[in-house]
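Visitor: My questions all concern the structure below.
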Amino acid sequence: MRNPTAASHAAYRRGTVMAATPGQLVVLLYDGARRFLRQAVVAMGDGDIERTHNCLRYAERIISHLDGTLDFDQGELSQRLHAIYQFHLRHLRAARLNQDPAKIEEISELLGELRDAWSQVANEVEGTTSDAAASQLERA
Numbered sequence: 001m002r003n004p005t006a007a008s009h010a011a012y013r014r015g016t017v018m019a020a021t022p023g024q025l026v027v028l029l030y031d032g033a034r035r036f037l038r039q040a041v042v043a044m045g046d047g048d049i050e051r052t053h054n055c056l057r058y059a060e061r062i063i064s065h066l067d068g069t070l071d072f073d074q075g076e077l078s079q080r081l082h083a084i085y086q087f088h089l090r091h092l093r094a095a096r097l098n099q100d101p102a103k104i105e106e107i108s109e110l111l112g113e114l115r116d117a118w119s120q121v122a123n124e125v126e127g128t129t130s131d132a133a134a135s136q137l138e139r140a
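Residues 1 to 140 in our numbering are what the sequence shown lists, from first letter to last.
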C-alpha cells in the first residue's frame with residue numbers, strides 16, 4: 001500500500017520543480033545536495049555504511065551535475081565554480097574513505113553559502129523580470 005503522505009509530498013516537489021525558474025532550479029539542487037549530506041552524516045553516525053554511501057553518491061551526482069552545466073564561455077566565474085565543485089567532490093571522497101562526518105558537514109556549509117548566493121541572484125533576476133513585465137503591461 002502506498003503512503004498517501006509520501007505521494008502528496010512527491011507531487012508537491014514535482015510541481016515545485018516544474019514551476020521553477022532556472023535560478024530557482026539551481027537553488028533546489030543545492031537544497032537537495034545538502035539534504036543528502038545531512039542524511040549521510042546521520043547514517044555515518046549510525047554506522048550504516050550502505051546508506052552513507054548512497055546519500056553521498058546522490059549529493060555527489062548533484063554537485064557533478066552543477067559542475068557539468070557550467071558555461072565556460074561566460075568567463076572567470078565558471079572557472080571558479082568548477083574549482084569549488086571539484087574541491088567539494090574530492091573532500092567528500094576523503095570523508096567517505098576516512099568515515100569523517102565533519103568533512104561532510106564542512107561541504108554542506110560551503111554549499112549553503114553558494115545556495116544563499118544563488119537564491120539572492122535568482123530573486124534579483126525574478127524581480128527584474130517581474131519589473132520588466134509590469135512595465136510592459138503599463139505601456140500597453
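For glycine and all other residues, C-beta sits at the position ideal for the given N, C-alpha and C.
Going by C-alpha distance, which of T69, D46, L66, A40 is nearest R57?
Guide: Nearest of T69, D46, L66, A40 to R57, Cα basis: A40.
Visitor: Can you tell me which of E106, G47, G68, S108 puts its alpha carbon nearest to the alpha carbon of A83?
Guide: The shortest C-alpha separation from A83 is found at G68.
Visitor: Does the structure place the segment 115-130 close enough to the segment 20-30 that three or more beta carbon pairs sit under 8 angstroms?
Guide: As far as the Cβ criterion goes, the segment 20-30 touches the segment 115-130, which means the pair count is three or higher.
Visitor: Using 10 angstroms around the beta-carbon of H88, count the other beta-carbons present and answer buried if the total reaches 16, otherwise exposed.
Guide: Classification for H88: buried.
Visitor: Using a Cβ-Cβ cut-off of 7 angstroms (strictly less than) and excluding sequence neighbours within five positions of I63, which residues of its own chain qualify?
Guide: Once the five neighbours on either side are set aside, the close Cβ partners of I63 are A33, Y85, H88, L89.
Visitor: L97 and I107 - do their beta-carbons sit closer together than 7 angstroms?
Guide: No. Outside cutoff.
Visitor: Cutting at 6 angstroms between CB atoms, please list the residues of its own chain near I104, excluding the five before and the five after it.
Guide: Excluding positions up to five away in sequence, the list reads L37, A40, V41, A95.
Visitor: Quick one: what does DSSP say L70 is sitting in, helix, strand or coil?
Guide: Three-state DSSP puts L70 in coil, outside helix and strand.
Visitor: Compute the Euclidean distance between the alpha carbons of G112 and N3, then round it to the nearest angstrom.
Guide: Near 31 angstroms, if we compare the C-alpha coordinates of N3 and G112.
Visitor: Quick one: residues in its chain with C-beta nearer than 6 angstroms to the C-beta of V125, no 5 flanking neighbours on either side, listed in chain order?
Guide: G23.
Visitor: Use the C-beta contact count for A102: other C-beta atoms within 10 angstroms, 16 or more gives buried, fewer gives exposed.
Guide: That one is exposed.
Visitor: Helix, strand or coil for N123, going by three-state DSSP, please let me know.
Guide: N123 falls in the helix class under three-state DSSP.
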